[in-house]
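Worksheet: the structure to be examined is printed underneath.
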Amino acid sequence: DGGITQSPKYLFRKEGQNVTLSCEQNLNHDAMYWYRQDPGQGLRLIYYSQIVNDFQKGDIAEGYSVSREKKESFPLTVTSAQKNPTAFYLCASSVDSALNYGYTFGSGTRLTVV
Amino acid sequence: QQQVKQSPQSLIVQKGGISIINCAYENTAFDYFPWYQQFPGKGPALLIAIRPDVSEKKEGRFTISFNKSAKQFSLHIMDSQPGDSATYFCAAGANSWGKLQFGAGTQVVVTP
């Protein structure tokens, strides 16, 4: 079955640690996205990539970094510079940047700072 | 600032009733308006979407109404069922942007 796989499902981070969230898709989609979800705030865009080896900052990129070395993979690193990282992180992909078919989302990673 | 404003934050509807969720946007460049449904602990799933060249789109019990002049669009869930209990997000995007802006979400509870 084609889809998006996010791992791990749950992640715990200590203060000052960097952690990396995995996102893999086998849909052959060109574009990939990372959103952060907090209660009552909807989904806010962190980073997006419309093509391999290229990505752009979203609305809340500070404290995060990404890479897009392969079409299938778009990992997100939450750095120690992100002061409030506890949230539900969602990865999505789309056929292309033209939004003709919307997004397909993964099942998310819940990150908690301990 | 939020480019897509969604209301209400939550609503409770009886089984068989109609759920209505409203969204408003500012950017006239937006030309794609999807609605997503999310169950607890899961990622959102595309429910229905509309382009500004039509005023209404219906898929089963779900209908989008679109008012281009008012820059508003809404989701109507007819004959609401307990299985419709979820959080619903509206979104807006532009082909030239390649990304979506989401509303804050509406938690819908359908009582038996």
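First to last, the protein sequences are chains W and Z. Under the numbering used here, the first residue of the first sequence carries the number 103, and numbering increases by one thereafter. Under the numbering used here, the first residue of the second sequence carries the number -6, and numbering increases by one thereafter. A virtual CB, placed ideally from N, CA and C, is assigned to each residue, including glycine. If you're wondering where the values come from, they're calculated on a predicted model, not measured in any experiment.
Query	Result
If you measure beta-carbon to beta-carbon, which residues of the region 148 to 176 of chain W are closer than 8 Å to chain Z?	Tyr150, Gln152 and Gly160
Is there a Cβ of chain Z sitting closer than 8 Å to that of glutamine 143 (chain W), yes or no?	yes
Tell me the start and end of each unbroken alpha helix (DSSP H) in the region 112 to 169 of chain W that is at least 4 residues and wholly inside, in chain order.	none
Between the region 50 to 67 of chain Z and chain W, which residues of the former have CB atoms less than 9 Å from a CB of the latter, in chain order?	none
Mind listing which residues of the region 185 to 212 of chain W have their C-beta closer than 9 Å to chain Z's C-betas, in chain order?	Phe190, Leu192, Cys193, Ala194, Ser196, Asp198, Ser199, Ala200, Leu201, Asn202, Tyr203, Gly204, Tyr205, Thr206, Phe207, Gly208, Ser209, Gly210 and Arg212
Taking the C-alpha atoms as reference points, what is the distance between tyrosine 81 (chain Z) and glutamine 100 (chain Z)?	6 Å
Among the residues of its own chain, which have a CB less than 7 Å from the CB of proline 37 (chain Z), if the five just before and after it don't count?	Tyr29, Gln30, Gln31 and Phe82
Give the list of continuous beta strand (DSSP E) stretches no shorter than 3 residues that lie fully inside the region 13 to 100 of chain Z.	26 to 31, 38 to 43, 49 to 52, 55 to 60, 65 to 70, 79 to 86 and 93 to 95
Looking only at its chain, what residues have a beta carbon closer than 7 Å to the beta carbon of serine 78 (chain Z), apart from the 5 residues adjacent to it on each side?	Val101, Val102 and Val103
For the candidate residues W:Lys173, W:Ala189, W:Asp161 and W:Leu178, whose alpha-carbon lies nearest to that of serine 167 (chain W)?	W:Leu178
Roughly how many angstroms separate the alpha carbons of leucine 145 (chain W) and phenylalanine 55 (chain Z), rounded to a whole number?	22 Å
Could you tell me if tyrosine 112 (chain W) is buried or exposed, where buried requires 16 or more neighbouring beta carbons within 10 angstroms of its beta carbon?	exposed
In angstroms with no decimal places, state the Cα-to-Cα distance between glycine 208 (chain W) and alanine 133 (chain W).	14 Å
Output, in chain order, the set of chain W residues within a Cβ distance shorter than 9 Å of proline 27 (chain Z).	Leu201, Gly204 and Tyr205
Suppose you measure from the CA of tryptophan 90 (chain Z) to the CA of alanine 97 (chain Z); what does that come to, to the nearest Å?	20 Å
Closer than 9 Å by beta-carbon distance: list the chain W residues that pair up with asparagine 150 (chain Z), in chain order.	Residue numbering for chain Z in the displayed model covers -6 to 105; residue 150 (chain Z) lies beyond these limits and cannot be assessed.
From W:Gly142, W:Thr206, W:Ala183 and W:Asn130, pick the residue whose C-alpha is nearest to that of isoleucine 153 (chain W); which is it?	W:Asn130
For a contact meaning CB atoms closer than 7 Å, what does tyrosine 60 (chain W) contact in chain Z?	No answer is possible for residue 60 (chain W): it lies beyond the span of chain W, which begins at 103 and ends at 216.
Quick one, which of Z:Pro75, Z:Lys61, Z:Pro33 and Z:Glu49 has its alpha-carbon nearest alanine 17 (chain Z)'s?	Z:Lys61
Rounding to the nearest angstrom, what Cα-Cα distance links glutamate 174 (chain W) and aspartate 156 (chain W) in this structure?	13 Å
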